[in-house]
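S.K.:
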Amino acid sequence: MGLEFGHNLGLRRALRGLPLSPLVPGYGRLVARQRALGLRHIGDALVERGRVLGVLDGVFEEGGARRRQHIGADRLRQLGAARGGAYGPLLAQLEAVQLQDPASLRRILLYQLVELLQAHPQGADPATAVALGVCPQEAGPLVRVAAAHLRLDGEQRRAVEELADAWADGKVRRAAGLAALLPAGGGGDALLRRRLAEIAERVKEADDALDAAREAEKAGDARAAEDCMLRAARLASDCPRALLGLVRLHRAGGGAGVGAGPAAGGEKPGPAAVYDEGARPREVLTVLPAPEAVTVALSPAPPAADAANGRRVVRLTRVPGGPTGITEITDLSPAGGWVDPSPPFGQEVRYAALPLRDGRIDGPPVVSDVLLVAPDVSGLRSTTGRGRIEATWTEPSGALGVRAQLVGSAGPVGGAEGRTGALTATGLGVGAYVLRVRCRYRSPDGAVIESAGAEHPVSVDPWPTPVDRLDATAVHGAVRFSWSGGDDADVRLVAWPAGPPEPGAELTDDPARPWPAPLPWAAGAGGGLVPPPGSVTRVSALAVLGPRAVAGPGLVVECPPAVAGARVERVGGGRARVTFDWPAEAGEVAATVEQDGASTVHRVVARSTYVREGLYVDVAPSAFSVTLSAAPRTPDAVVVPPPGGAVRVPADIAVSYRIVPGARRALRRGPSLLRVTLSCPGEVPADLPEFVLVARSGNGRDPVRPRTPTDGTTLLRVGGSTLTPGSPVELPVPSGLRPPYALRGFLLGEGAADVRLDEPSPTTLVVR
Numbered sequence: 010m011g012l013e014f015g016h017n018l019g020l021r022r023a024l025r026g027l028p029l030s031p032l033v034p035g036y037g038r039l040v041a042r043q044r045a046l047g048l049r050h051i052g053d054a055l056v057e058r059g060r061v062l063g064v065l066d067g068v069f070e071e072g073g074a075r076r077r078q079h080i081g082a083d084r085l086r087q088l089g090a091a092r093g094g095a096y097g098p099l100l101a102q103l104e105a106v107q108l109q110d111p112a113s114l115r116r117i118l119l120y121q122l123v124e125l126l127q128a129h130p131q132g133a134d135p136a137t138a139v140a141l142g143v144c145p146q147e148a149g150p151l152v153r154v155a156a157a158h159l160r161l162d163g164e165q166r167r168a169v170e171e172l173a174d175a176w177a178d179g180k181v182r183r184a185a186g187l188a189a190l191l192p193a194g195g196g197g198d199a200l201l202r203r204r205l206a207e208i209a210e211r212v213k214e215a216d217d218a219l220d221a222a223r224e225a226e227k228a229g230d231a232r233a234a235e236d237c238m239l240r241a242a243r244l245a246s247d248c249p250r251a252l253l254g255l256v257r258l259h260r261a262g263g264g265a266g267v268g269a270g271p272a273a274g275g276e277k278p279g280p281a282a283v284y285d286e287g288a289r290p291r292e293v294l295t296v297l298p299a300p301e302a303v304t305v306a307l308s309p310a311p312p313a314a315d316a317a318n319g320r321r322v323v324r325l326t327r328v329p330g331g332p333t334g335i336t337e338i339t340d341l342s343p344a345g346g347w348v349d350p351s352p353p354f355g356q357e358v359r360y361a362a363l364p365l366r367d368g369r370i371d372g373p374p375v376v377s378d379v380l381l382v383a384p385d386v387s388g389l390r391s392t393t394g395r396g397r398i399e400a401t402w403t404e405p406s407g408a409l410g411v412r413a414q415l416v417g418s419a420g421p422v423g424g425a426e427g428r429t430g431a432l433t434a435t436g437l438g439v440g441a442y443v444l445r446v447r448c449r450y451r452s453p454d455g456a457v458i459e460s461a462g463a464e465h466p467v468s469v470d471p472w473p474t475p476v477d478r479l480d481a482t483a484v485h486g487a488v489r490f491s492w493s494g495g496d497d498a499d500v501r502l503v504a505w506p507a508g509p510p511e512p513g514a515e516l517t518d519d520p521a522r523p524w525p526a527p528l529p530w531a532a533g534a535g536g537g538l539v540p541p542p543g544s545v546t547r548v549s550a551l552a553v554l555g556p557r558a559v560a561g562p563g564l565v566v567e568c569p570p571a572v573a574g575a576r577v578e579r580v581g582g583g584r585a586r587v588t589f590d591w592p593a594e595a596g597e598v599a600a601t602v603e604q605d606g607a608s609t610v611h612r613v614v615a616r617s618t619y620v621r622e623g624l625y626v627d628v629a630p631s632a633f634s635v636t637l638s639a640a641p642r643t644p645d646a647v648v649v650p651p652p653g654g655a656v657r658v659p660a661d662i663a664v665s666y667r668i669v670p671g672a673r674r675a676l677r678r679g680p681s682l683l684r685v686t687l688s689c690p691g692e693v694p695a696d697l698p699e700f701v702l703v704a705r706s707g708n709g710r711d712p713v714r715p716r717t718p719t720d721g722t723t724l725l726r727v728g729g730s731t732l733t734p735g736s737p738v739e740l741p742v743p744s745g746l747r748p749p750y751a752l753r754g755f756l757l758g759e760g761a762a763d764v765r766l767d768e769p770s771p772t773t774l775v776v777r
């Protein structure tokens with residue numbers, strides 16, 4: 010086996026030297042996939058870890074149990090199935106390349122390895138090739154021949170990599186331009202040298218066809234001229250002279266064309282055949298301009314057989330004093346046809362659709378009429394208000410600006426304020442108007458041209474007079490409203506669910522977003538309305554006239570939540586303890602005491618203070634009432650107190666009793682006395698409770714006090730009607746019980762809960 014390049018080894022089309030070009034269509038897409046995987050060259054995807062590449066007489070995987078394995082289409086298919094995932098598209102493309110030409114895989118790999126070696130500072134060292142995955146036995150020959158190989162600059166490398174695509178697409182003029190950047194002899198690459206020769210031959214044939222067409226046109230033979238132009242276009246699909254000649258001749262009335270048999274991409278077309286224009290219905294190419302694009306449609310739509318071969322659509326741009334511009338239109342329209350996404354604004358264009366067969370032009374074009382690319386604005390719409398029209402639109406990106414005019418029944422309306430994409434006119438009377446908007450463009454010769462113009466009719470309708478002031482006053486648990494303005498309107502008081510619009514906002518009746526209903530509050534005293542307790546309501550005025558309304562001012566009405574569970578009890582020392590259930594979301598609670606005809610706010614307590622210290626108020630012995638209410642949460646709100654919430658506490662009526670020991674007589678003490686005293690500020694109530702004295706004996710030395718009026722023996726009863734302030738009632742305590750025993754007094758009757766029983770020390774109530 011030879012170990013130098015140049016030996017006749019390997020496949021029949023194996024290289025005798027290093028390639029100067031990959032010469033593979035789709036090479037740019039292949040490199041993009043390779044780089045997306047982070048691979049240095051395609052060989053990184055062809056071998057398993059720990060194995061190396063043999064490239065001298067083919068592409069081989071070396072290492073492992075199987076010392077040497079050729080990498081062909083079958084192996085690429087196995088690798089694709091094993092790795093899958095992100096490697097799938099790259100390996101599938103390499104398999105297709107290998108099936109089309111068995112030598113292409115090695116050509117691509119050698120091209121990439123040589124590029125890497127020539128760019129590496131130690132590219133002449135065999136270790137560099139080994140580091141790139143090349144078999145050590147072949148690394149030396151590879152670096153030697155790579156060092157002597159022709160080096161390409163950036164422009165030349167782009168040319169050799171794009172040459173195959175241009176040739177495969179029939180773009181011979183582009184291929185010739187790329188070939189002009191390369192060495193004449195192909196740099197020792199035999200396959201490249203043959204391809205350059207084919208390109209030169211194809212260019213000459215196309216030029217000869219163009220010369221023949223020019224001579225036929227001079228002789229007045231339009232049919233022959235069109236045949237020659239068509240042959241030139243099929244030889245070089247990117248030849249502007251051929252394409253423009255076909256359009257010119259067909260528009261001038263030439264009816265004949267030329268068709269061709271199948272021809273592989275890059276291969277020379279077959280012999281010409283006469284194209285029978287009368288065999289198919291006459292086709293028309295229509296263009297539909299839009300603000301940013303132009304839609305091109307062929308009518309009638311081509312039959313399925315023709316649609317399979319397709320059409321090539323180009324835009325021809327007329328440039329005064331310069332060559333006609335040719336632009337390929339490849340974007341398809343969802344509705345059928347093609348879309349030109351970026352037409353030249355302010356210029357005249359034509360569109361031409363050329364029938365194709367196997368990618369080659371197969372007949373004369375269908376050409377549209379001249380179109381001046383000056384589209385109108387899009388999305389022209391308007392809204393109206395009180396004597397006002399506001400219009401908006403979208404200008405095409407290529408427009409210099411617009412000219413907008415509002416016309417009424419008396420002619421153009423002045424005073425309209427225009428800005429980019431919008432116009433506002435105020436002070437208008439009720440009636441019908443028309444808005445006209447024209448776009449301005451710069452033509453190639455510097456002149457300013459205008460579009461045909463878009464028109465939009467609009468009407469100004471009558472609107473209600475808005476409410477300009479809203480007031481509210483709290484009266485007897487209700488709120489009374491008053492306002493000014495809205496003289497010709499139905500004024501409604503409403504609460505907007507998501508926040509009120511700004512005063513003066515103009516509203517129309519929309520079923521999707523209806524206006525809120527009037528406040529559903531019940532009627533209160535003096536013609537006012539009663540808000541729900543615990544509510545904070547933003548009340549707004551709304552002036553309504555038919556299907557239109559104007560938002561007015563608003564104010565906040567707050568009815569603090571009622572305080573539940575209120576309880577008040579005297580605790581002595583001229584104080585009373587107030588307890589209640591803290592209302593939800595309340596920050597503070599105020600306690601108001603009404604006593605002896607006066608009303609005073611004693612305390613405002615926060616929740617933290619109430620939980621920590623409770624709430625106490627100073628009171629006199631007379632009857633009083635305590636009203637509790639949550640403090641308002643909203644500044645500047647109209648506050649309406651909630652109904653109820655007052656707790657009535659009767660006067661501090663107390664019944665006290667004492668056991669007065671009897672006087673001593675000689676060695677014995679006389680009978681004890683029960684002294685019952687009434688303390689009552691003001692008038693004595695008629696339902697004073699009855700006082701009873703109960704005794705309970707004990708089995709031990711310390712008798713147990715009675716717990717209830719029935720827990721023992723009733724000794725004495727004092728009726729409530731017999732008690733008067735300042736006149737204690739004294740009764741002897743019966744002595745029939747055997748000591749020791751304990752005494753205790755109780756109050757019985759309906760008024761017992763309102764009278765405080767003042768008891769003496771329990772030790773004074775034990776009789777021994």
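The numbering used here puts the first residue of the sequence shown at 10, with every later residue one more than the last.
In this text, a Cβ means the ideal position worked out from N, Cα and C, and glycines have one as well.
Taking Asp480 as the reference, which of Ala629, Gly582, Val548, Gly179 has the closest Cα?
M.R.: Taking the first residue of the sequence shown as 1, we reach residue 480 at position 471. For Asp480, the nearest C-alpha among the options comes from Val548.
S.K.: Classify His129 as helix, strand or coil using the three-state DSSP reduction.
M.R.: Working through the sequence shown from its first residue, we reach residue 129 at position 120. Residue state, collapsed to three classes: coil.
S.K.: Taking the beta carbon of Gln604 as the centre, do at least 16 other beta carbons fall within 10 Å, making it buried, or is it exposed?
M.R.: Taking the sequence shown and counting its residues from 1, one reaches residue 604 at position 595. By the 10 Å Cβ count, Gln604 comes out buried.
S.K.: In terms of residue numbering, what span does the alpha helix (DSSP H) encompassing Leu48 cover?
M.R.: For this step, residue 48 is matched to residue 39 along the sequence shown. Neither: Leu48 is in no alpha helix (DSSP H) and is coded neither H nor E.
S.K.: Rounded to a whole number of angstroms, what is the C-alpha to C-alpha distance between Gly274 and Leu244?
M.R.: Along the sequence shown, read from residue 1 onward, the residue named residue 274 stands at position 265. Along the sequence shown, read from residue 1 onward, the residue named residue 244 stands at position 235. Interpretation of Gly274 is limited by its pLDDT of 38, a score under 50 that renders its predicted location unreliable; the figure taken from the coordinates is listed afterwards. About 11 Å.
S.K.: Residues in its own chain within less than 7 Å of Gly691 by CB, not counting five upstream and five downstream?
M.R.: Locating residue 691 in the sequence shown gives position 682, counting from the first residue. Cβ neighbours of Gly691 beyond the five flanking positions: Ser631, Ala660.
S.K.: Could you name each continuous beta strand (DSSP E) segment of 3 residues or more that falls completely within the region 405-476, going from the start of the chain to the end?
M.R.: Within the region 405-476, the complete beta strand (DSSP E) runs of at least 3 residues are 410-417, 426-428, 431-434, 440-451, 457-459, 463-469.
S.K.: Whole angstroms is fine: what's the gap from Leu624's alpha carbon to Val572's?
M.R.: Within the sequence shown, residue 624 is the residue found at index 615, counting from 1. Within the sequence shown, residue 572 is the residue found at index 563, counting from 1. Spanning the two alpha carbons is a distance of roughly 14 Å.
S.K.: Can you tell which of Val446, Arg291, Gly396 has the C-alpha that lies nearest to the C-alpha of Pro311?
M.R.: Taking the first residue of the sequence shown as 1, we reach residue 311 at position 302. Closest by alpha carbon: Arg291.
S.K.: For the beta strand (DSSP E) containing Ser549, list its first residue and its last residue.
M.R.: Here the question's residue 549 lines up with position 540 in the sequence shown. Here the beta strand (DSSP E) through Ser549 covers 544-554.
S.K.: Would you kindly check if the distance between the Cβ of Arg684 and the Cβ of Glu739 is under 8 Å?
M.R.: Within the sequence shown, numbered from 1, the residue matching residue 739 stands at position 730. Within the sequence shown, numbered from 1, the residue matching residue 684 stands at position 675. Yes, the Cβ-Cβ distance between Glu739 and Arg684 is below 8 Å.
S.K.: Apart from the five residues on each side of it in sequence, which residues of its chain come closer than 7 Å, Cβ to Cβ, to Arg753?
M.R.: On the sequence shown, position 744 is the one that residue 753 refers to. These residues qualify, in order along the chain: Val703, Arg714, Pro715, Leu774.
S.K.: For the putative contact between Asp767 and Ser665, defined by C-beta atoms under 8 Å, what is the C-beta separation to the nearest angstrom?
M.R.: Position 758 of the sequence shown, counted from the start, is the residue given in the question as residue 767. Position 656 of the sequence shown, counted from the start, is the residue given in the question as residue 665. Correct: roughly 4 Å between the Cβ atoms.
S.K.: Pick out the complete alpha helix (DSSP H) segments inside the region 601-628, 4 residues or longer, and give them in chain order.
M.R.: You should have 616-622.
S.K.: What beta strand (DSSP E) runs, 3 residues minimum, are completely inside the region 74-110?
M.R.: The qualifying runs are 77-79.
S.K.: DSSP state of Ser730, grouped into three classes?
M.R.: As a position in the sequence shown, residue 730 is number 721, starting the count at 1. Of the three classes helix, strand and coil, the one that applies to Ser730 here is helix, per DSSP.
S.K.: Within the chosen definition, does the region 201-208 reach the region 226-235 through at least 3 CB pairs nearer than 8 Å?
M.R.: They do not touch, by the three-pair rule.
S.K.: Along the chain, where does the beta strand (DSSP E) that runs through Cys568 open and close?
M.R.: For the purposes of this step, residue 568 is identified with residue 559 of the sequence shown, where counting begins at 1. Per DSSP, Cys568 belongs to the beta strand (DSSP E) from 557-568.
S.K.: Take Leu119 and list the residues in its own chain whose beta-carbon comes closer than 8 Å to its own, dropping the five residues that flank it on each side.
M.R.: Working through the sequence shown from its first residue, we reach residue 119 at position 110. So the qualifying residues of the chain are Leu24, Leu27, Pro28, Val64.
S.K.: Where Leu161 and Leu258 are concerned, what is the direct C-alpha to C-alpha distance, given to the nearest angstrom?
M.R.: For the purposes of this step, residue 161 is taken as residue 152 along the sequence shown, with counting starting at 1. For the purposes of this step, residue 258 is taken as residue 249 along the sequence shown, with counting starting at 1. Taking the straight line joining both Cα atoms gives about 44 Å.
S.K.: Out of Ala615, Gly582, Gly394, Val553, which one is the CA nearest neighbour of Gly494?
M.R.: One-based indexing of the sequence shown puts residue 494 at position 485. With distances taken between Cα atoms, Gly494 lies closest to Val553.
S.K.: Quick check: Leu732 and Leu697, are their CB atoms within less than 8 Å of each other?
M.R.: By one-based count along the sequence shown, residue 732 stands at place 723. By one-based count along the sequence shown, residue 697 stands at place 688. Yes; because the gap between Cβ atoms is below 8 Å, this pair is in contact.
S.K.: Alpha carbons only, please: which of Gly59, Glu104, Asp590, Gly93 is nearest the one belonging to Ile80?
M.R.: In the sequence shown, the residue the question calls residue 80 occupies position 71. The shortest Cα separation from Ile80 among Gly59, Glu104, Asp590, Gly93 belongs to Glu104.
S.K.: Around the C-beta of Pro405, are 16 or more other C-beta atoms found within 10 angstroms, so that it is buried, or is it exposed?
M.R.: What you label residue 405 is simply residue 396 of the sequence shown in a count that begins at 1. Looking at its Cβ environment, which holds 16 or more other Cβ atoms inside 10 Å, Pro405 is buried.
S.K.: By DSSP, does Ser665 sit in helix, in strand, or in coil?
M.R.: Translated into the one-based positions of the sequence shown, residue 665 becomes position 656. The answer is strand: DSSP assigns Ser665 an E or B state.
S.K.: Work out the CA separation of Val620 and Ser638 for me, nearest whole Å.
M.R.: As a first step, residue 638 is located in the sequence shown; it is residue number 629 there, counting from the start. As a first step, residue 620 is located in the sequence shown; it is residue number 611 there, counting from the start. For Ser638 and Val620, the distance between alpha carbons rounds to 17 Å.
S.K.: Look at the alpha carbon of Arg765 and the alpha carbon of Pro771, and state the distance between them as a whole number of angstroms.
M.R.: Position 756 of the sequence shown, counting from 1, holds the residue named residue 765. Position 762 of the sequence shown, counting from 1, holds the residue named residue 771. So the two alpha carbons sit approximately 17 Å from each other.
S.K.: Would you call the CB atoms of Arg412 and Arg449 closer than 8 Å?
M.R.: For the purposes of this step, residue 412 is taken as the residue at position 403 of the sequence shown. For the purposes of this step, residue 449 is taken as the residue at position 440 of the sequence shown. Cβ atoms of Arg412 and Arg449: closer than 8 Å.
S.K.: Please report the distance separating the alpha-carbon of Thr393 from that of Glu426.
M.R.: The residue given as residue 393 occupies position 384 in the sequence shown. The residue given as residue 426 occupies position 417 in the sequence shown. Cα to Cα, Thr393 sits roughly 15 Å from Glu426.
S.K.: Let me know if Pro145 comes out buried or exposed under the rule of 16 or more other beta-carbons within 10 Å of its beta-carbon.
M.R.: The count along the sequence shown starts at 1 and reaches residue 145 at position 136. Label assigned to Pro145: exposed.
S.K.: Find out if the Cβ-Cβ distance for the pair Leu100, Ala54 is shorter than 8 Å.
M.R.: As a working note, residue 100 is residue 91 in the sequence shown. As a working note, residue 54 is residue 45 in the sequence shown. Yes, the pair counts as a contact, with Cβ atoms nearer than the cut-off.
S.K.: Return the bridge partner residues of Glu71 from the DSSP annotation.
M.R.: Residue numbering aside, residue 71 sits at position 62 when the sequence shown is read from its first letter. Beta-bridge pairing links Glu71 to Val61, Arg77.
S.K.: DSSP state of Gly306, grouped into three classes?
M.R.: One-based indexing of the sequence shown puts residue 306 at position 297. For clarity, residue 306 is Ala in the given sequence; the question names Gly instead. In the structure shown, Ala306 sits in a strand (DSSP, three-state: E or B).
S.K.: Just to confirm, is the Cβ distance from Ala599 to Phe589 under 8 Å?
M.R.: Along the sequence shown, read from residue 1 onward, the residue named residue 599 stands at position 590. Along the sequence shown, read from residue 1 onward, the residue named residue 589 stands at position 580. No, the Cβ-Cβ distance between Ala599 and Phe589 is not below 8 Å.
S.K.: Please determine, among Pro249, Thr326, Val56, the residue with the shortest C-alpha to C-alpha distance to Gly142.
M.R.: In the sequence shown, residue 142 corresponds to position 133, counting from 1. With distances taken between Cα atoms, Gly142 lies closest to Val56.
S.K.: Output yes or no for whether 8 Å exceeds the beta carbon distance between Glu699 and Gly729.
M.R.: Taking the first residue of the sequence shown as 1, we reach residue 699 at position 690. Taking the first residue of the sequence shown as 1, we reach residue 729 at position 720. Yes; because the gap between Cβ atoms is below 8 Å, this pair is in contact.
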